[in-house]
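Residue numbers (my numbering): 1 to 119. Working notes for the structure below.
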Amino acid sequence: MVFVDALETREEMEIVCKTASDAGVGVLANMLEGGKTPILSLNELDEVGFKLVSYPLSLLGVSIVAMQRALSGLKEGVIPEDIPEFSSLKKDLGFDSYFDELEEYEAFSESFLRDRESK
């Protein structure tokens with residue numbers, strides 16, 4: 001996989017993808033909002049020949065805006081209404097698998113300490 005930064009035209013993007021394809025290598029498209037590379041749709045990126053795409057600011061940007069709105073509301077004493085249930089947050093963040101893994105480590109640690117103390 002290769003990445004060429006700051007391609008400025010679709011033509012440059014096509015040249016890079018063609019050259020990489022001829023070498024048997026995939027190309028990463030970096031769809032940086034406000035960057036030099038034109039933002040193309042997923043279909044257009046596929047047509048050009050990209051194999052992977054990143055949107056480094058998309059989620060970060062909307063997350064920051066949402067947090068700023070929530071903080072402004074909290075400052076005024078307003079709790080955001082569109083908060084997911086805590087159980088959903090725990091699932092989305094992987095808490096259950098984290099705690100399962102933690103139990104495995106705790107069991108190993110306890111067994112290790114018992115064995116060490118018995119020697």
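Don't be surprised by glycine CBs; every beta carbon is placed ideally from N, CA and C. Everything numeric in this text was worked out from a predicted model, so none of it was measured.
About 7 Å separates the beta carbon of residue 25 from that of residue 1, a gap short enough to meet the 8 Å contact definition. The residue among 31, 69, 103 with its C-alpha nearest the C-alpha of residue 44 is 31. Under the DSSP assignment, residue 54 falls in the beta strand (DSSP E) whose first and last residues are 52-54. For residue 37, the closest C-alpha among the options 18, 12, 104 is that of 12. Within 10 angstroms of the beta-carbon of residue 20 lie 16 or more other beta-carbons, which makes it buried. Residue 46 and residue 54 have their alpha carbons spaced roughly 13 Å apart. Runs of the alpha helix (DSSP H) lying entirely within the region 77-107 and spanning at least 4 residues, in chain order: 86-93. Collapsing the DSSP output to three states places residue 4 in coil. A distance below 8 Å separates the beta carbons of residue 18 and residue 49. A direct Cα-Cα distance of roughly 17 Å separates residue 7 from residue 57. Short of 8 Å from the beta carbon of residue 28, and not among the five residues preceding or following it, lie these beta carbons of its own chain, in chain order: 1, 2, 3, 50, 51, 52, 53, 54.
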